[in-house]
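J.:
Here's what the structure looks like:
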């Protein structure tokens, strides 16, 4: 009998159609989830450190990044959607033991995704100068915001390749490599930021005074540090995928590159609804920024810090969601609907459990979490109150996150996208617009809490209705 802890053997059980015990299912889910959770948490740790570094420059510097953050999420979401359209196909093909077909999809994905990211970078560069003004930013933050966004979008091709390679490795069941490299990216980002954000200065270390060199670029340095870290990580990620991966390595293969209409159609069917959803969802988040912007610099900074702190709670949910996509994708590819259902339930309940624990910790530790990022007392107080409102929504937010990962693994992205859009625009934005004039930023976050609870409920209803598996008979 196979050992419960042997991840590769357990994945082989899925592809070979052999029975799996509940213990093996749980063990495999945990093994795939933990590396992804650690990577997500390290990413948030990076954001914390970035925010604390920039926050030490003042509320205006933090607000300049916070102003364009929702737009950067839009661009990142579009890159992720383009990658997912191909990565889900790879998971299905690997589940069906069609290794050559999976590599053929990978070749097409690399070409199409790179071309797509170049288009995004060009579009972003064209609007970088006027974007902060469109978002309602004050004159004291628009300059830094424009430069930050410009550097960000110019790094889009590198970001795209990193995301694609990471998604492909996860689809093959390799969670450890992309997670480790994303942790490395966080560490490099901190190091680069340390030398690029601050000027040359004296540092006291163990009783000695050291002169620490620095470029003194402020917000610009934060953007450059992230871009440089991404270049290093993307190079290693592509090497791991295209050279080292047992299933997907393209190195010294005699197979030819050829774009196929079936692959592109499937990528569009899966990725296009996700991309449209990201556009409209991030449009809603941008509208939220527009609602928050007139509330002043303190509210903008508090909102940005609150979002960063909250992500510490929900990013583990995305880690479990990654595992759900891989497990559901390979189970359905292998034609095993019974196993698909079990993995769906296991991952959803695991995600809810993890994020409930994180929500309790976030509520208790909110002053510490925000205090790490800003010394400003007004920003600290407002962000803590907002964060504690949001803590009550995290269990249902987990349900929506992991259910979405399940549906993506099944290649079912259109209806979940519509559900997300209806929830965001119909509930969150409506409530935020009504509550912000009287309750300020706290009204915006109360609207967010109500909407996330509603979203979790409707996703759980759809999960248990089972319509998301109908494409596979």
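Numbering (my numbering), first residue to last: 134 to 606. Don't be surprised by glycine CBs; every beta carbon is placed ideally from N, CA and C. Values in this document were obtained by computation on a predicted structure and should not be read as measured data.
(1) Would the segment 274 to 284 count as touching the segment 192 to 200 if we require 3 or more Cβ pairs under 8 Å?
(2) If I follow the unbroken alpha helix (DSSP H) through residue 475, where does it start and stop?
(3) Thinking just about the alpha-carbon of each residue, which of 332, 354, 532 is nearest to the one in residue 449?
(4) Please state whether the Cβ-Cβ distance between residue 539 and residue 461 is less than 8 Å.
(5) Express the C-alpha separation of residue 429 and residue 491 in angstroms, rounding to a whole number.
(6) If you draw a straight line from the alpha carbon of residue 302 to that of residue 381, how long is it in whole angstroms?
(7) Just verifying my parser: in three-state terms, what is the DSSP assignment at residue 134?
(8) Here's a check: name, in chain order, each residue in its chain whose Cβ is nearer than 7 Å to the Cβ of residue 344, leaving out the five neighbours to either side.
(9) Do the segment 242 to 261 and the segment 284 to 304 touch if we need at least three Cβ pairs shorter than 8 Å?
(10) Residues in its own chain within less than 6 Å of residue 484 by CB, not counting five upstream and five downstream?
(11) Between the segment 391 to 407 and the segment 215 to 234, do at least 3 Cβ pairs fall closer than 8 Å?
(12) Note the first and the last residue of the continuous beta strand (DSSP E) segment covering residue 95.
(13) State buried or exposed for residue 141, treating a residue as buried only when at least 16 other CB atoms are found within 10 Å of its CB.
(14) By DSSP, does residue 332 sit in helix, in strand, or in coil?
(15) Could you tell me how far apart the beta carbons of residue 442 and residue 512 are, in whole angstroms, since I believe they sit closer than 8 Å?
(16) If you draw a straight line from the C-alpha of residue 505 to the C-alpha of residue 189, how long is it?
(17) Taking residue 579 as the reference, give the member of 544, 456, 308, 522 with the closest Cα.
(18) Note down the Cα distance separating residue 315 from residue 322, rounded to an integer number of angstroms.
(19) According to DSSP, what are the bridge partners of residue 266?
(20) If we call anything under 8 Å between Cβ atoms a contact, is residue 283 one with residue 258?
(21) Sorted by chain position, which residues of the same chain lie with C-beta nearer than 6 Å to residue 241's C-beta, five sequence neighbours on each side aside?
(22) Which residue wins for smallest C-alpha separation from residue 251, given the options 341, 289, 347?
(23) Please identify the residue among 361, 339, 304 whose C-alpha is closest to the C-alpha of residue 324.
(24) Return the CA-CA distance between residue 457 and residue 348, expressed in angstroms with no decimal places.
(25) Which parts of the segment 396 to 474 are runs of the alpha helix (DSSP H), unbroken and 4 residues or longer, counting only runs that do not cross its ends?
(26) What three-state label does DSSP hand residue 338 in the structure shown?
(27) Looking only at its chain, what residues have a beta carbon closer than 7 Å to the beta carbon of residue 154, apart from the 5 residues adjacent to it on each side?
(28) Using DSSP with H/G/I as helix, E/B as strand and the rest coil, what is residue 598?
(29) With distances taken Cα to Cα, identify the nearest neighbour of residue 424 among 563, 365, 408.
(30) Looking only at its own chain, which residues have a Cβ that is under 8 Å from the Cβ of residue 565, when we skip the five neighbours before and after it?
(31) Which of the three DSSP states is assigned to residue 153 in this structure?
(32) Where does the unbroken alpha helix (DSSP H) through residue 393 begin, and where does it stop?
(33) Please return the same chain residues whose Cβ sits closer than 6 Å to the Cβ of residue 144, not counting the five positions on each side in sequence.
(34) Would you mind giving the Cβ-Cβ distance between residue 554 and residue 407, rounded to the nearest angstrom? I have them listed as a contact below 8 Å.
(35) State the DSSP-derived secondary structure class of residue 523, mapped to helix, strand or coil.
(36) How close, in whole Å, do the beta carbons of residue 148 and residue 418 come, if the pair is a contact with beta carbons under 8 Å?
T.: Reading from the atomic positions:
(1) yes
(2) Numbered from its first residue, the chain shown carries residue 475 at position 342. Counting along the chain, the alpha helix (DSSP H) containing residue 475 begins and ends at 470 to 504.
(3) Along the chain shown, read from residue 1 onward, the residue named residue 449 stands at position 316. When each option's Cα is compared against that of residue 449, the closest is 532.
(4) Here the question's residue 539 lines up with position 406 in the chain shown. Here the question's residue 461 lines up with position 328 in the chain shown. Yes, the Cβ-Cβ distance between residue 539 and residue 461 is below 8 Å.
(5) Mapped onto the chain shown, residue 491 falls at position 358. Mapped onto the chain shown, residue 429 falls at position 296. Rounded to whole angstroms, residue 491 to residue 429 spans 30 Å at the Cα level.
(6) As a working mapping, residue 302 is identified with position 169 in the chain shown. As a working mapping, residue 381 is identified with position 248 in the chain shown. Near 8 Å, if we compare the C-alpha coordinates of residue 381 and residue 302.
(7) Here residue 134 corresponds to residue number 1 of the chain shown, with the count starting at 1. Low confidence applies to residue 134: its pLDDT is 36, below 50, so where it sits in the model is not reliable, and the reading given next is rough at best. Looking at residue 134 - three-state DSSP - the assignment turns out to be coil, as it is neither helix nor strand.
(8) Walking along the chain shown from the start, residue 344 turns up at place 211. Same-chain partners within the cutoff: 333, 335.
(9) yes
(10) Taking the first residue of the chain shown as position 1, residue 484 is located at position 351. Excluding sequence neighbours, residue 484 sits near 450, 453, 531, 535.
(11) yes
(12) The displayed coordinates of the chain run from 134 to 606. Any statement about residue 95 would go beyond what the structure contains.
(13) Position 8 of the chain shown, counted from the start, is the residue given in the question as residue 141. So residue 141 ends up on the exposed side.
(14) Within the chain shown, the letter at position 199 stands for residue 332. It is a strand residue.
(15) Within the chain shown, numbered from 1, the residue matching residue 442 stands at position 309. Within the chain shown, numbered from 1, the residue matching residue 512 stands at position 379. With a Cβ gap of about 12 Å, residue 442 and residue 512 do not count as contacting.
(16) Within the chain shown, the letter at position 372 stands for residue 505. Within the chain shown, the letter at position 56 stands for residue 189. Distance between the alpha carbons of residue 505 and residue 189 is about 10 Å.
(17) Start at 1 with the first residue of the chain shown, and residue 579 comes out as number 446. The residue with the shortest Cα to Cα distance from residue 579 is 522.
(18) Here residue 315 is taken as the residue at index 182 of the chain shown, counted from 1. Here residue 322 is taken as the residue at index 189 of the chain shown, counted from 1. Roughly 10 Å separates the two Cα atoms.
(19) Along the chain shown, one-based indexing puts residue 266 at 133. The partner list for residue 266 (beta bridge, DSSP) is empty, contrary to what the question assumes.
(20) Residue 283 sits at position 150 when you count from the first residue of the chain shown. Residue 258 sits at position 125 when you count from the first residue of the chain shown. Yes, the pair counts as a contact, with Cβ atoms nearer than the cut-off.
(21) The residue you call residue 241 lines up with position 108 of the chain shown. 392, 396, listed in sequence order.
(22) Taking the chain shown and counting its residues from 1, the one referred to as residue 251 is at position 118. Comparing Cα positions, the closest option is 289.
(23) The residue given as residue 324 occupies position 191 in the chain shown. Of 361, 339, 304, the residue nearest in Cα terms is 361.
(24) As a position in the chain shown, residue 457 is number 324, starting the count at 1. As a position in the chain shown, residue 348 is number 215, starting the count at 1. Roughly 43 Å separates the two Cα atoms.
(25) 430 to 466
(26) Taking the chain shown and counting its residues from 1, the one referred to as residue 338 is at position 205. In the structure shown, residue 338 sits in a strand (DSSP, three-state: E or B).
(27) On the chain shown, residue 154 is found 21 positions in, with the first residue counted as 1. Nothing meets the Cβ criterion.
(28) For the purposes of this step, residue 598 is identified with residue 465 of the chain shown, where counting begins at 1. Reduced to three states, the DSSP call for residue 598 is helix.
(29) As a first step, residue 424 must be located in the chain shown, where it is residue number 291. Out of 563, 365, 408, 563 has the C-alpha closest to the C-alpha of residue 424.
(30) For the purposes of this step, residue 565 is taken as the residue at position 432 of the chain shown. Contacts found: 421, 424, 576, 577, 580, 581.
(31) Along the chain shown, read from residue 1 onward, the residue named residue 153 stands at position 20. Coil.
(32) Position 260 of the chain shown holds residue 393. Neither: residue 393 is in no alpha helix (DSSP H) and is coded neither H nor E.
(33) Mapped onto the chain shown, residue 144 falls at position 11. So the qualifying residues of the chain are 306.
(34) As a first step, residue 554 is located in the chain shown; it is residue number 421 there, counting from the start. As a first step, residue 407 is located in the chain shown; it is residue number 274 there, counting from the start. The pair is not a contact, with the Cβ atoms about 11 Å apart (cut-off 8 Å).
(35) Along the chain shown, one-based indexing puts residue 523 at 390. Of the three classes helix, strand and coil, the one that applies to residue 523 here is helix, per DSSP.
(36) Position 15 of the chain shown holds residue 148. Position 285 of the chain shown holds residue 418. Rounded, the Cβ-Cβ distance is 39 Å, inconsistent with contact.
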